[in-house]
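Asker: What follows is a structure written as structure tokens; I'll ask about it next.
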Amino acid sequence: MSMCQFALPLLLPALDTPKGTLMLWAMRDIVRKWRPHSLAESRGFREESLVLTSLPTISFVRMGSCSFSKSKLLNDVLSPSQQHHNFFIHRDMESGNVPREIADGLVEISWYFPGGSKNSDLFAEPVAVTNLRGDIESHWSQFSFLTEISSAVFIVTESISEREYKLLSSLKGSDTKYYFIFNAQTEKHSEVLEQLERLAPVLKLSKPHLLVKSTILNKIEFVEKVQTTIGTIMDSTTKMKNMESIAVHAHKLGIQVDEDCEECQGAKKRAKIIMAEIKDAEKNKEENIRPQRHPRKRPRVEQCRIGQQGDIPAGRENRLKLYTQHNQYDLAHSTEKFIQGIEKLPRQETVYFLKWMTFHLDQAARRNKICQMKANSLEVEHFMHIIGHYYEAESIQVKEGKMLKTQRKYSHLPEIIADLMLEGFPMELINGDASNIPLQWVTDVLTQLHAKLGGRSRMLVLTVLGGQSTGKSTLLNTMFGLRFAVSSGRCTRGAFMSLIKVAENFQQELGYDFILVIDAEGLKAPELARQEDCHVKNYQLATIVTGLSDIMVINLENATEMKEQLCEMTKASVEKQSREVALSDIMEYEPEKHNWYIPDLWHGVPPMAPVNTGYSESVCELKKNLFEFIKSYSSHRSIKDIPQFTEGLRSLCNAVKHEHLDKYSGSACNFNEEMDPSVSEKVTCIQSQPPNLLLCEIQDKRICGELKILDNSYKYFENRAKNLHLIEKQRDEFIRTLASLKCEPEHYSISQCKEVPQRQRTDFIEPIFLKVFKEKVHWFFTSHRGEKSKLNKRESEEKRQKASKLLLIRFAEKMMIHLRKDLENRLSTTSIKIPKLKILLSYKIKPFRIKDKYFELRCFKHVKEFDTKRHQHKAQELVNFLMYNYKKYTAETVKSRADYDETYCRELLLMINKWLQQDDVQELHTNTYFEIDLKIHILRETLYEFQKMY
1 MSMCQFALPL LLPALDTPKG TLMLWAMRDI VRKWRPHSLA ESRGFREESL VLTSLPTISF
61 VRMGSCSFSK SKLLNDVLSP SQQHHNFFIH RDMESGNVPR EIADGLVEIS WYFPGGSKNS
121 DLFAEPVAVT NLRGDIESHW SQFSFLTEIS SAVFIVTESI SEREYKLLSS LKGSDTKYYF
181 IFNAQTEKHS EVLEQLERLA PVLKLSKPHL LVKSTILNKI EFVEKVQTTI GTIMDSTTKM
241 KNMESIAVHA HKLGIQVDED CEECQGAKKR AKIIMAEIKD AEKNKEENIR PQRHPRKRPR
301 VEQCRIGQQG DIPAGRENRL KLYTQHNQYD LAHSTEKFIQ GIEKLPRQET VYFLKWMTFH
361 LDQAARRNKI CQMKANSLEV EHFMHIIGHY YEAESIQVKE GKMLKTQRKY SHLPEIIADL
421 MLEGFPMELI NGDASNIPLQ WVTDVLTQLH AKLGGRSRML VLTVLGGQST GKSTLLNTMF
481 GLRFAVSSGR CTRGAFMSLI KVAENFQQEL GYDFILVIDA EGLKAPELAR QEDCHVKNYQ
541 LATIVTGLSD IMVINLENAT EMKEQLCEMT KASVEKQSRE VALSDIMEYE PEKHNWYIPD
601 LWHGVPPMAP VNTGYSESVC ELKKNLFEFI KSYSSHRSIK DIPQFTEGLR SLCNAVKHEH
661 LDKYSGSACN FNEEMDPSVS EKVTCIQSQP PNLLLCEIQD KRICGELKIL DNSYKYFENR
721 AKNLHLIEKQ RDEFIRTLAS LKCEPEHYSI SQCKEVPQRQ RTDFIEPIFL KVFKEKVHWF
781 FTSHRGEKSK LNKRESEEKR QKASKLLLIR FAEKMMIHLR KDLENRLSTT SIKIPKLKIL
841 LSYKIKPFRI KDKYFELRCF KHVKEFDTKR HQHKAQELVN FLMYNYKKYT AETVKSRADY
901 DETYCRELLL MINKWLQQDD VQELHTNTYF EIDLKIHILR ETLYEFQKMY
């Protein structure tokens, strides 16, 4: 309702309670973002929980009967002139004249939030507007409540009786301002004015407090007058209330609050205890959660080894060793409290507890200005997957006989998570940070779920896949009413699954008991584009979720992209076929039926834009067609249950991820491992062998390694392994890319073998050269000691400067060549184009300062100014640390008194590349401009230092 810009129920009528119920818990989920005019120039904005936002409240009430609609007037007041919207239901709307049954005495609330445009915004700051349904005389307790919380109350009336005059007189001494709106065309116009003159000293009324609707002002002019009055109130009021403070006033008046139940309050206390220990969410995650995942973040070579199948002895032993080390860590106290919160509480209180934790953690992230998408923000899912990781560690140790079953502490947790899935909570399937599936944990949770369902778990798996920030989670939530996390600036990491129960009267017709919905991480994320394994990660993610799915919804931003991808899929299938293959042979896809255009989510410009009805209608139509397709799908396909799904998940992981992808990457790592010691060994014995012989040996070693990898791949495919068809295309791609794999160690090995004898010859020649040079200098001064002539210092200085300048230009040209090669290598796997670079000497030497253009706009389009200063300050600190390291490296290199070598420039670029891959730097979400400017700055500063080495 809030997204659709509909007014929300604030105070329910007194139906089951003496004085009504305040709806506080119902509004906890709502987060709004706006740009006040005070931040318009800096393009900043604010984002806060609606419950915790302090703002003025303006209330509208009715006294007696009225010839015009108060709710309709409010809609006109809150709507821009070019974009009218019905916030409140009124009698002139379609179905708005239905007789009231329970609405009398209801207090509704809506809000206005500015967008930062002085020309189009109605108000410069946010404001809350409440509307009491019914007459204040009949609902005096609700009216009294509104007078307590409001900065001003507008009373719409067309008559004031003596009884009503006495009621209004009882408000004497109130700090709330009162305004009266009445129709001048009524018969009792003069009587109303007389009563208002009597009320003026009591309620401190003046002429601006009377808003007369007459023939002098048309509708638009009257609405503008009301808007101006509200703006004046907002400028002068100091009475700012948030929803929590409003709840305090409600309690004082004897009004019940929906959060008053014991389960909610008990869960709130538990959550507060945990949050008291998490004073700094970012630091807590760094100290207590990230170290638990440390075994997952391994160096590349070690990762290749551990990525092998579990039945390989070396891989299993290393994996067991890591889990054993991991289990020696004690759980953080906050995590232990979290486990107690979900294991010892009744089901309803557990649901409250998880919601309270979500509210508090999100608020902490907003308070610390941490973007929700960043890895630094602490969320409930981080507690969940660290629980799963500890469970996984215990399972491995029990399986290997390193732990007794009676020693297990977390064996009961799968049952608890299964209960939460039945309540609608999503469960993490793929860990987005570590890019792995906790297979044993997921399997045991789903097994418990199957048991709780009494073995009736026939299910269809539906997955949505697409690019980042294309609205995948919002689409699923809208279509099925799910709880996948969505917020500004947040993107799904990994994959989550949620369970939908099919109604019993629909199960036979549909053919399923449940629908398992998987929400996957967006592909081709800009902030991950520079990571060397980003394409592998995308491939693994897409392969796994596609292999698990019965139906795949591909969410794309344009139809052209869809056509290109489908053509690529068809082409890939045709490559190994002797006959023509149609797209229908690969998947059940009919462009006329299965292509859907869904309009934008918002109708207009946020923050006051409502949800586009076209979006909702298109999603509803898509859902209908999906269910029609599911009915026909189930009639000619085998239906799987949870045990079959878990078995398929295990087979898919083993066949695609561990066995095949890691098999090839493992071969590549072993190849590098064999090449590197060979180079070091030959460098050591270089004094006893000529360079040509060394190069021949390196070439032989490289060729043997290449042939060994190819031989292994051919043998594997000849063995006709299970699920071989899944990687048919991958085999060809692997063989084609083997050439690029061999080039890197080959070039490195050859360059090292060439450089070492070059330096060795320099070391050998230097003493002889110095001896000859000293003899020549001694002879020169002895021969010319008696001469009176003097050297022309000016000519000598000019020649020296000219030679130095030419040398500097030569250095700069070579450095730019290395820089271009470096950028080409790093950006070759992405669609990013390298901008045209100038001559290195044309760049000025000045301090490196962080700029707005250095950050990914897509990642920060919702949070760009929310976090700018702190984010830029953190980036500058990390850059300064890099500057310190490179200056230290340069100083040590110059101090070594060795001749300049081009490897120094390459090592410097390598140092920057490693720095760019660090977690802290990755979390900055910088772009290519940042990388290029940083490298140019460092190379420009080191240019003069390296020149000294000549």
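Sequential numbering of the sequence shown, starting at 1, is according to UniProt numbering.
Note that the Cβ used here is the ideal one computed from N, Cα and C, for glycine as well.
1) Under 6 Å Cβ to Cβ from Met3, same chain only, skipping five residues before and after it: list those, please.
2) If you measure between the beta carbons of Ser54 and Met234, is that distance less than 7 Å?
3) Taking DSSP as the reference, what is the three-state secondary structure of Leu8?
4) Within the same chain, show all residues whose beta-carbon is closer than 8 Å to that of Val380, passing over the 5 residues directly before and after it, in chain order.
5) Hey, how far is the Cα of Leu652 from the Cα of Lys895?
6) Take Phe930 and list the residues in its own chain whose beta-carbon comes closer than 6 Å to its own, dropping the five residues that flank it on each side.
7) Using CA atoms only, rank isn't needed, just tell me which of Asp919, Thr492, Glu423 and Gly173 is closest to Thr350.
8) Use the C-beta contact count for Ala276: other C-beta atoms within 10 angstroms, 16 or more gives buried, fewer gives exposed.
9) Give the DSSP bridge partners of Arg46, in chain order.
10) Span of the beta strand (DSSP E) holding Leu168?
11) How far does the alpha helix (DSSP H) with Ala451 in it extend, from its first residue to its last?
12) If contact is defined by three or more beta carbon pairs under 8 Å, each pair taking one atom from either stretch, is the stretch 382-400 in contact with the stretch 437-444?
13) Around the C-beta of Gln917, are 16 or more other C-beta atoms found within 10 angstroms, so that it is buried, or is it exposed?
14) Roughly how many angstroms lie between the CA atoms of Glu907 and Thr890, to the nearest whole one?
15) Can you tell which of Glu902, Ile630, Gln507 and Thr928 has its C-alpha closest to the C-alpha of Thr942?
16) Within 10 angstroms of its Cβ, does Phe881 collect 16 or more other Cβ (buried), or is it exposed?
17) Quick one: Cα of Cys214 to Cα of Asn183, how far?
18) Rounded to whole angstroms, what is the Cα-Cα separation between Lys72 and Arg133?
19) Beta strand (DSSP E) containing Lys213: first to last residue?
20) Applying the criterion that 16 or more other CB atoms from any shown protein chain within 10 Å of the CB defines a buried residue, is Asp92 buried or exposed?
21) Would you list the one or two residues that DSSP bridges to Met63?
22) Quick one: Cα of Phe6 to Cα of Cys620, how far?
23) I'd like the list of long-range same chain contacts for Ser634, defined as Cβ closer than 6 Å, with 5 residues on each side in sequence excluded.
24) Whose C-beta lies closer than 7 Å to the C-beta of Leu74 among residues of the same chain, with five residues either side of it excluded?
25) Taking DSSP as the reference, what is the three-state secondary structure of Lys355?
26) Of all the options Gly341, Glu892 and Glu923, which has the alpha carbon lying nearest to the alpha carbon of Lys874?
27) How long is the line joining the alpha carbons of Glu302 and Glu394, rounded to whole angstroms?
28) Between the stretch 513-522 and the stretch 541-551, do at least 3 Cβ pairs fall closer than 8 Å?
29) Per DSSP, Leu55 is paired with what?
30) Compute the Euclidean distance between the alpha carbons of Pro9 and Arg408, then round it to the nearest angstrom.
31) Using C-beta distances below 7 Å, list every residue in its chain close to Ala271, excluding the 5 sequence neighbours before and after it, in chain order.
32) By DSSP's criteria, Trp140 is part of a beta bridge. Which residues make up the other side?
33) Going by beta-carbon coordinates alone, are Asp76 and Val223 separated by less than 7 Å?
34) Please report the distance separating the alpha-carbon of Val679 from that of Glu856.
35) Spell out a yes or no on whether the stretch 204-214 and the stretch 21-38 are touching, meaning 3 or more CB-CB pairs, one atom from each, closer than 8 Å.
36) For Lys337 and Glu428, what's the separation of their Cα atoms in angstroms?
Answerer: Inspection of the coordinates gives the following:
1) Val611
2) no
3) strand
4) Leu354, Met357, Thr358 and Leu361
5) 56 Å
6) Tyr854
7) Glu423
8) exposed
9) Trp34
10) Segment Glu162 to Ser169 is the alpha helix (DSSP H) holding Leu168; no beta strand (DSSP E) there.
11) Leu439 to Lys452
12) yes
13) exposed
14) 11 Å
15) Glu902
16) exposed
17) According to the sequence displayed, residue 214 carries Ser and not Cys. Rounded to the nearest angstrom, the two C-alpha atoms are 6 Å apart.
18) 13 Å
19) Leu210 to Lys213
20) exposed
21) Thr157
22) 20 Å
23) Gly511
24) Phe60, Phe87, Phe88, Val129 and Asn131
25) helix
26) Glu923
27) Residue placement at Glu302 is poorly supported in this model, since its pLDDT is 29, which falls under 50; the coordinates are not used for a value here.
28) yes
29) Lys241
30) 48 Å
31) Phe353, Trp356, Met357 and His360
32) Beta-bridge pairing links Trp140 to no other residue.
33) yes
34) With a pLDDT of only 49 at Val679, under the threshold of 50, the placement of this residue in the model should not be trusted; the figure read from the coordinates follows. Taking the straight line from one Cα to the other gives about 40 Å.
35) no
36) 20 Å
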